[in-house]
Amino acid sequence: NAGVTQTPKFQVLKTGQSMTLQCAQDMNHNSMYWYRQDPGMGLRLIYYSASEGTTDKGEVPNGYNVSRLNKREFSLRLESAAPSQTSVYFCASTHRESHPSANYGYTFGSGTRLTVV
Amino acid sequence: AQTVTQSQPEMSVQEAETVTLSCTYDTSESDYYLFWYKQPPSRQMILVIRQEAYKQQNATENRFSVNFQKAAKSFSLKISDSQLGDAAMYFCAYRSRRGSQGNLIFGKGTKLSVKP
């Protein structure tokens, strides 16, 4: 099925451990995003990639790094996990603004629930 | 910077009744998109309805409709004939049409409960 695939779905880390969240889309979208969702806070943008080869910081980038590996894949890395990074993480993708289908909003993955203890 | 405000953290509706969820936003732009997303307990983010700011006509998708008041910067969602499956978190979101600023900005959400 076409869409956005995130792995893993659940993860528990100890403080200081590192891990990479994987995201891949098969809709030929140019732009990809990583959000975190915390209770009462909505979804906040961590990093985004407007097109292959570019990445930019969002609202809450501290403690994270990203890699746009190719047009399909956009990974999020936690180098030294902290309890404050306990959250649900969503990857999303969409066409660039100039694309005729840009008004269809974002397509989201199913999320990763990360707990840092 | 644009902001999106959902002033109702929780709402409740009786099955088969109608409910309206509120959303206001702040922007200096004239051309943008607005969206409502639904997040059921499964956690999946589902696009419910979208509105392009240049269109005066309010968007409608089956039982879901919006009241878009551009001058007031208001974008409310009306759910008619509410069903048990409508119970979820609902997020209002804004997206600029200007280049790299086309990131989706979310409100904090409204939790909708549907009573049988």
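Listed in order, the protein sequences are those of chains A and B.
Positions 1 to 117 (the numbering used here) are the ones given, in order, by the first sequence.
Positions 1001 to 1116 (the numbering used here) are the ones given, in order, by the second sequence.
The C-beta atom is built at its ideal place from N, Cα and C for all residues, glycine as well.
- Our two residues, K1038 of chain B and A1088 of chain B, have alpha carbons roughly 6 Å apart in a direct line.
- Taking a cut-off of 8 Å on C-beta distances, the stretch 58 to 78 of chain A does not touch the stretch 1010 to 1020 of chain B, as fewer than three cross pairs fall below it.
- The criterion of a C-beta distance shorter than 7 Å is satisfied by I1049 of chain B and E1061 of chain B.
- Closer than 7 Å to the CB of L45 of chain A there is at least one CB belonging to chain B.
- The three-state secondary structure of L1084 of chain B, taken from DSSP, is helix.
- One thing to note: L1034 of chain B has its Cβ within 7 Å of the Cβ of Q1051 of chain B.
- Cβ proximity to chain A below 7 Å picks out L1047, R1050, E1052 from the stretch 1047 to 1076 of chain B.
- N1067 of chain B and D26 of chain A have their alpha carbons spaced roughly 34 Å apart.
- No Cβ of chain B is located within less than 7 Å of the beta carbon of S67 of chain A.
- Taking 7 Å as the CB threshold, G1085 of chain B stays off the interface with chain A.
- Residues of chain B whose Cβ lies closer than 7 Å to the Cβ of S110 of chain A are, in chain order, R1043, Q1044.
- When 9 Å is used as the limit between beta carbons, L1104 of chain B is near these residues of chain A: Y33, Y35, L43, L45, A92, T94, G105, Y106, in chain order.
- In this structure V4 of chain A is buried. Its beta-carbon is surrounded by 16 or more other beta-carbon atoms within 10 angstroms.
- The residue among A:V117, A:Y89, A:G42 with its C-alpha nearest the C-alpha of S80 of chain A is A:V117.
- Not a single CB atom of chain A sits nearer than 7 Å to the CB of K1078 of chain B.
- In the structure shown, S1074 of chain B adopts extended strand secondary structure according to DSSP, grouped into three states.
- In chain order, G40, M41, G42 make up the part of chain A whose C-beta sits under 7 Å from the C-beta of K1108 of chain B.
- Following the DSSP letters along the chain, one finds M1011 of chain B inside the beta strand (DSSP E) bounded by residues 1010 to 1014.
- Of the candidates B:D1086, B:S1096, B:V1019, the residue whose Cα lies closest to the Cα of S1028 of chain B is B:S1096.
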